[in-house]
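The structure appears below as structure tokens.
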Amino acid sequence: MEKEKKKHKVFIDGAISPGFIADSIAKHSGKTSIGAHDIFLGQVRADTIDGKKVCAIDYTAHIEIAEDKFHELREDTFARYQLTCMHIYHSLGTVKSGEICLFVFVSSAHREEAFNACRYLVERIKKEVPVWGKELLEGDDYVWKENRN
Amino acid sequence: MTVHIKCFGKLQDLIGDQVAEGNFTSVNELMEALKMKDATAKRQVYCVAINNQIVKPDAPVCHGDTVCLMPPFAGG
């Protein structure tokens, strides 16, 4: 029987710090078969909604289904592209505008695979993972985030 | 039959977590029976899960199930 692959921890409480991202990059310097990294960073944007600025997004998720889905996306992406490495991190809880809420990091020998895999993964995450965001506005009001496409 | 309804995203505001009691046998029948704060709420249900598995609208519902109602996803 094939050994079940371990699920990787994806959710992080609060914002994903620039230091964490830098450390992740640094950890790959020993993997000398890598020639290219592609990184997507989702940042909370201070949109103006009904005259009020978005101050933060409070992220929630159906965690069990989301973790299963992240695992599935990871496996699908490895099967589709020649990658050396892949990391996905998504925030839960409150992330202020200007802070990072999604970090997708793929590595490969050559850039074409990294470019294509990163985009593929980000698009599928936004479409298929049960995560929601409450956009917290100035003055204690809020609206529920809706993704484009 | 008793089932526990758990709502996510905007459905927390439109429907709300609740305990549903009745003779419904499928997700569709359960949706008809639910008390909703907003008449348009049912249309906002994009996806349903029973006990952490995403299911189709005609999936059977059993006593004691936790039924999760989810609006369109908005991560990232």
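From first to last, the protein sequence lines stand for chains A and B.
When the first sequence is numbered by the numbering used here, its final residue is 149 and no position is left out of the sequence of numbers.
When the second sequence is numbered by the numbering used here, its final residue is 1076 and no position is left out of the sequence of numbers.
Note that CB positions come from ideal geometry on N, CA and C, so glycine has one too.
Quantities reported herein were computed from a predicted structural model and do not represent experimental measurements.
(request) At 4 residues or longer, and completely inside the region 59-140 of chain A: list those alpha helix (DSSP H) runs for me, N to C. (result) 63-80 and 111-128
(request) Compare the C-beta of residue 93 (chain A) against all C-beta atoms of chain B and say whether one is closer than 8 angstroms. (result) no
(message) Which residues in chain B have a C-beta closer than 9 angstroms to the C-beta of residue 77 (chain A)? List them in chain order.
(response) Correct list: empty, because the minimum Cβ distance to chain B is about 16 angstroms.
(message) Does residue 1037 (chain B) pass the burial test, meaning 16 or more other C-beta atoms within 10 Å, or should it be called exposed?
(response) exposed
(request) Using a cut-off of 9 angstroms between C-beta atoms, extract the partners of residue 102 (chain A) located in chain B. (result) 1075 and 1076
(message) 8 angstroms is my cut-off, CB to CB: does residue 1035 (chain B) come that close to chain A?
(response) no
(request) Might you give, ordered along the chain, the residues of its own chain that have their beta carbon closer than 7 angstroms to the beta carbon of residue 7 (chain A), omitting 5 neighbours on each side? (result) 67 and 71
(request) Figure out for me which residue from B:1026, B:1071 and B:1054 has the closest Cα to the Cα of residue 1010 (chain B). (result) B:1071
(request) Evaluate the contact criterion for the region 75-95 of chain A versus the region 104-111 of chain A: three or more CB pairs, one atom per stretch, below 8 angstroms. (result) yes
(request) Could you pull the start and end residues of the alpha helix (DSSP H) that residue 1029 (chain B) belongs to? (result) 1027-1033
(request) Run down chain A in chain order and give the residues with a C-beta less than 9 angstroms from the C-beta of residue 1070 (chain B). (result) 62, 65, 130 and 132
(message) Suppose contacts are defined by Cβ-Cβ distances below 8 angstroms. Is residue 1048 (chain B) in contact with residue 1069 (chain B) by that definition?
(response) yes
(message) Am I right that residue 16 (chain A) and residue 101 (chain A) are in contact with their C-beta atoms under 8 angstroms? What's the rounded C-beta distance?
(response) 7 angstroms
(request) Using a Cβ cut-off of 7 angstroms, pull out every chain B residue sitting near residue 125 (chain A), in sequence order please. (result) 1075 and 1076
(request) Residues of the region 1037-1068 of chain B with a CB closer than 9 angstroms to any CB of chain A: list them in chain order, please. (result) 1047, 1049, 1052, 1053, 1054 and 1068
(request) At 8 angstroms on the CB atoms, spell out the chain B contacts of residue 146 (chain A), in chain order. (result) 1072 and 1074
(message) Using C-beta distances below 7 angstroms, list every residue in its chain close to residue 1025 (chain B), excluding the 5 sequence neighbours before and after it, in chain order.
(response) 1060 and 1061
(message) Please classify residue 95 (chain A) as buried or exposed, where buried requires at least 16 neighbouring CB atoms within 10 angstroms.
(response) buried
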